[in-house]
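Visitor: Before I ask anything, let me first share the structure, which is written out below as structure tokens.
Protein chains: 2
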Amino acid sequence: MELETSPLALPFPDMPSIEGATVRIARARYKDWDRADLTYIELAEGTSVAGVFTKSLCASSEVELGRENIAHGTARALVVNAGNANAFTGYHGREAVEQIMAQVASHLQCPAEHVFVSSTGVIGVPLPKDKAREGVNAALSASPCTWEDAATAISTTDTFAKGAHASAIVDGKTVNLVGIIKGSGMIAPDMATMLGYIFTDADIAPQFLQAALETANASTFSCITVDGDTSTSDTVLAFATGTSGAARIENHDSPGADAFAAALNDVCRQLAHLVVRDGEGASKFIAVRVTGAASDESARKVGLSIANSPLVKTAIAGEDANWGRVVMAVGKAGEPADRDKLSIGFGGIWAARNGLPVDNYDEGPVAEHLKGEHIDVAVDLGIGNGRATVWTCDLTHGYIAINADYRS
Amino acid sequence: MELETSPLALPFPDMPSIEGATVRIARARYKDWDRADLTYIELAEGTSVAGVFTKSLCASSEVELGRENIAHGTARALVVNAGNANAFTGYHGREAVEQIMAQVASHLQCPAEHVFVSSTGVIGVPLPKDKAREGVNAALSASPCTWEDAATAISTTDTFAKGAHASAIVDGKTVNLVGIIKGSGMIAPDMATMLGYIFTDADIAPQFLQAALETANASTFSCITVDGDTSTSDTVLAFATGTSGAARIENHDSPGADAFAAALNDVCRQLAHLVVRDGEGASKFIAVRVTGAASDESARKVGLSIANSPLVKTAIAGEDANWGRVVMAVGKAGEPADRDKLSIGFGGIWAARNGLPVDNYDEGPVAEHLKGEHIDVAVDLGIGNGRATVWTCDLTHGYIAINADYRS
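Quick mapping for you: the protein sequence lines, in order, are chains R and P.
Read in order, the letters of the first sequence correspond to residues 115 to 522 in this note's numbering.
Read in order, the letters of the second sequence correspond to residues 115 to 522 in this note's numbering.
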């Protein structure tokens with residue numbers, strides 16, 4: 115099945131290279147296809163690493179080993195396999211990951227736990243060790259390639275390659291951050307089938323990198339949803355090679371810490387939005403802005419209840435300003451809410467305020483807004499100061515076609 | 115929009131009349147249609163009542179008043195409005211409900227709180243008081259009609275009328291139970307846009323009727339889901355007229371209590387299944403049987419995580435035995451689970467056992483099972499004795515067509 119490029123796709127941006135991060139790709143042929151499906155990124159000695167992983171209780175061996183090895187704070191290489199998630203494959207699957215780690219570690223003369231591996235694709239089929247071995251061998255001797263090549267090689271059902279970058283001034287010097295990501299279905303907070311990698315030439319202590327990544331994750335990757343489904347393999351890793359020459363950021367108080375964290379947040383938000391833009395069958399990009407909640411976390415849960423509601427998502431697909439379905443989704447969230455203080459709007463226009471339809475509500479401009487590609491849903495709960503924005507896409511025939519009409 | 119009858123529809127059964135429960139219908143014309151949309155059921159003096167309601171925090175006035183008045187334990191009448199949910203309509207909406215209660219109470223010379231009202235349909239438009247007044251007047255003077263007439267009159271987007279019955283021997287006498295229900299979308303546990311009414315000629319103390327209804331609800335209405343969306347109006351009420359001549363059931367120890375509770379459970383399960391069979395766009399009826407969970411409640415949550423997963427539901431629509439998606443849904447449920455003890459099967463055949471695909475797994479008979487109309491998904495978590503069965507339907511183009519392509 116050849117998927118059409120999402121109508122919400124963005125062109126791959128011009129991204130700077132990051133000294134100390136060298137990208138190579140190869141064909142492991144994990145599936146019966148003729149494309150690069152193994153990505154190898156070599157990292158300079160002393161590279162710091164941080165990571166956030168799926169909360170699935172059925173996580174893959176890659177995720178289990180990644181969680182363990184993040185604790186060391188150091189990375190020398192990343193290997194990403196596309197076409198096989200190697201999840202639910204027991205000890206066979208774990209052996210395949212350990213083989214890749216050992217093979218790369220032997221090449222780099224580093225500890226195996228400094229090699230990070232991700233896999234994405236079909237569940238339940240152990241990653242074939244021979245293909246992995248040959249693929250890694252081919253990648254080790256391949257010529258360096260671009261970020262776009264890597265973003266393409268890590269993709270599975272994605273319809274376009276996804277990258278984002280930002281920079282920050284640290285210690286008077288410019289540091290660069292680039293990110294690539296894959297994911298389009300099985301996307302929910304706690305990150306779904308989403309693999310994201312961020313590389314920076316800043317010099318960052320692992321603890322601070324981890325803290326900054328977790329903070330960015332909370333308001334970006336954890337605030338997107340396509341279908342509410344969470345994958346067994348989700349991973350976002352951040353690598354800091356420290357090659358920029360800027361002073362090391364040790365903690366929140368180091369000069370440049372705020373600027374770096376802001377740039378990291380920026381890259382994460384861009385990447386998260388790209389995943390929503392490639393949501394299976396998506397025709398509209400939806401921002402759900404919740405204010406007046408009991409707390410920020412409560413606002414996020416209400417936002418996700420709306421963003422995951424099939425009835426809200428189909429209404430928007432049908433360009434129907436059906437605020438009654440939004441009321442329903444607020445009500446089912448189970449978070450503090452008061453029907454008679456609730457306000458709901460679209461595109462900056464309130465349809466209902468304080469529990470009642472707005473007098474003389476003119477649906478015209480709202481209907482016009484709903485025809486656009488970017489839909490803004492505002493919900494004010496009127497009971498506190500908590501706020502959050504959640505991003506999602508609409509639910510269309512395309513989603514059914516991709517997931518039901520064709521076999522995976 | 116004329117909806118086609120669900121392929122999973124069942125014919126309306128032959129249902130006995132219940133002495134002391136008289137059904138009448140009328141045309142209130144809450145929408146621009148020419149059909150009965152107001153149902154009035156008069157109940158004998160001394161009728162006991164019990165009820166379970168939506169947990170939505172944005173519930174309608176009907177639900178608020180129903181919750182309050184259930185405490186009295188006595189009912190003389192039920193009025194159901196179809197075409198307007200009267201939800202999110204503030205004090206205007208509440209006044210309309212109170213007007214109906216007062217009007218019927220005046221006719222019956224009974225307290226207003228013995229009159230129960232439900233409304234279903236569009237959200238955000240106050241129930242028009244003049245139409246309600248004329249509709250109730252017309253119903254009060256109409257000739258009695260059948261359960262099927264009532265089941266049709268309470269429907270909104272339903273594609274077939276739904277009824278179920280059972281009987282039990284209490285005190286050597288046969289007591290009858292009949293139920294009618296409406297609902298097809300916005301269906302989730304905590305009951306969604308579902309209105310269900312059960313009538314029996316048994317003589318039941320209100321406290322026991324409430325306890326028996328709550329028990330039945332927990333394993334029936336609370337175990338179905340169509341789209342995970344919960345309505346603002348869900349209501350199930352049970353009325354016992356006590357006209358059968360069988361001895362009164364005061365509590366769990368009364369003779370016939372077990373038999374009555376079993377029959378009530380039977381009617382509730384039948385009614386719940388009918389709602390799933392009319393799930394918007396449904397082409398397959400799916401039972402998800404979860405065993406080996408940490409507790410029954412944990413099993414129910416895992417079952418609902420599977421039954422609400424768009425990826426599982428689209429896979430089944432596509433007749434794809436995609437057990438990897440079931441693993442995903444187990445993992446995201448957040449309930450105790452161990453990847454390496456998890457087993458998954460379809461139609462009585464295990465596809466994966468103890469965290470690994472079954473050796474020499476033959477997809478043939480499973481593929482055959484998936485082609486049928488009744489799909490059985492079995493999940494054994496292998497960690498405890500908790501069990502639950504959850505029922506749902508598949509997610510098809512029909513759901514999108516009903517909810518996106520046409521305005522509600």
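All C-beta atoms in this analysis are idealised placements derived from N, C-alpha and C, irrespective of residue type, glycine included.
Computed from a predicted model, the values in this text were never measured in an experiment.
#1: Hey, how far is the Cα of F313(P) from the Cα of T355(P)?
#2: Give the list of continuous alpha helix (DSSP H) stretches no shorter than 4 residues that lie fully inside the segment 341-394 of chain R.
#3: In angstroms with no decimal places, state the Cα-to-Cα distance between L425(P) and A502(R).
#4: Closer than 8 Å by beta-carbon distance: list the chain R residues that pair up with I294(P), in chain order.
#5: Going by DSSP, what residues sit across from R467(P) in a beta bridge?
#6: Using the beta-carbon of each residue, which ones in chain P are nearer than 8 Å to A84(R)?
#7: In angstroms, rounded to a whole number, what distance separates the CA positions of V340(R) and N379(R)?
#8: Do D440(R) and I420(R) have their C-beta atoms within less than 9 Å of each other?
#9: Between G237(R) and chain P, is there a C-beta pair that is closer than 9 Å?
#10: Only counting the same chain, and skipping five residues up and downstream in sequence, which positions put a Cβ closer than 8 Å to that of T329(R)?
#11: So A451(R) contacts chain P; which residues on that side make the cut at Cβ distance below 8 Å?
#12: Since P471(R) meets chain P, which of its residues come closer than 7 Å, beta carbon to beta carbon?
#13: Where does the unbroken beta strand (DSSP E) through Y154(R) begin, and where does it stop?
#14: Can you list, in chain order, the residues of its chain whose CB lies under 8 Å from that of P479(R), leaving out five sequence neighbours each side?
#15: Could you check if E92(R) is buried or exposed, using at least 16 other CB atoms within 10 Å of its CB as the buried criterion?
#16: Quick one: is W261(R) buried, meaning 16 or more other Cβ sit within 10 Å of its Cβ, or exposed?
#17: Look at the Cβ atom of V166(R), then the Cβ atom of I155(R), and state whether they are nearer than 9 Å.
#18: Could you name each continuous beta strand (DSSP E) segment of 3 residues or more that falls completely within the segment 202-230 of chain R, going from the start of the chain to the end?
#19: Do V493(P) and T428(P) come within 9 Å of each other at the CB atom, strictly closer than that value?
#20: If S397(P) sits next to P121(P), beta carbons under 8 Å apart, how far is it from one beta carbon to the other, in whole angstroms?
#21: Alpha carbon to alpha carbon, how far is L495(R) from K287(R)?
#22: Using three-state DSSP, classify Y513(R) as helix, strand or coil.
#23: Cutting at 6 Å between CB atoms, please list the residues of its own chain near C337(P), excluding the five before and the five after it.
#24: What are the boundary residues of the alpha helix (DSSP H) that N251(R) is part of?
#25: Under DSSP, the alpha helix (DSSP H) around F274(R) begins and ends at which residues?
#26: With H, G and I counted as helix, E and B as strand and the rest as coil, what does DSSP make of I318(P)?
#27: Once the 5 residues before and after D272(P) are set aside, which same chain residues still bring their CB inside 8 Å of it?
#28: Nearest chain P C-beta to T510(R) closer than 9 Å, yes or no?
#29: List the endpoints of the continuous beta strand (DSSP E) containing V239(R).
#30: Just to check my reading of the structure: G238(P) and A466(R) have Cβ atoms closer than 8 Å, yes? What is that Cβ distance to the nearest angstrom?
#31: So for A141(R), helix, strand or coil by DSSP?
#32: Can you tell me whether E281(R) is helix, strand or coil according to DSSP?
#33: Can you list, in chain order, the residues of its chain with a C-beta nearer than 6 Å to that of S175(P)? Leave out the 5 residues immediately preceding and following it.
#34: Taking the C-alpha atoms as reference points, what is the distance between A199(P) and A413(R)?
#35: Nearest to Y144(P) by alpha carbon, out of I497(P), L179(P), G235(P), E133(P)?
#36: Going along chain R, which residues have a C-beta under 8 Å from A492(P)?
Guide: If we stick to the structure as given:
#1: 8 Å
#2: 371-391
#3: 27 Å
#4: Under the 8 Å cutoff, chain R gives no residues; its nearest Cβ is about 23 Å from I294(P).
#5: L470(P)
#6: This structure cannot speak to residue 84(R), because chain R is shown only from 115 to 522.
#7: 20 Å
#8: Before going further, note that residue 440(R) is Val rather than Asp in the sequence given. Cβ atoms of V440(R) and I420(R): closer than 9 Å.
#9: Here residue 237(R) is Ile; the residue named in the question, Gly, does not match the sequence. Interface residue, yes.
#10: A375, N379
#11: L171, C172
#12: G238
#13: 152-157
#14: G461, I463
#15: A question about residue 92(R) goes unanswered here, because the residues of chain R that appear run from 115 up to 522.
#16: buried
#17: no
#18: none
#19: no
#20: 6 Å
#21: 44 Å
#22: helix
#23: V504
#24: 243-254
#25: Run containing F274(R): none; DSSP gives neither H nor E here.
#26: strand
#27: K296, G297, S298, D392
#28: yes
#29: Neither: V239(R) is in no beta strand (DSSP E) and is coded neither H nor E.
#30: 7 Å
#31: Checking the displayed sequence, the identity of residue 141(R) turns out to be Arg instead of Ala. Note: R141(R) maps to coil in three-state DSSP.
#32: In the sequence under discussion, the amino acid at residue 281(R) is Ser, which differs from the Glu named in the question. S281(R): strand per DSSP, three-state reduction.
#33: G207, R208, V211
#34: 26 Å
#35: G235(P)
#36: Here the premise fails: no neighbours, minimum Cβ distance about 16 Å.
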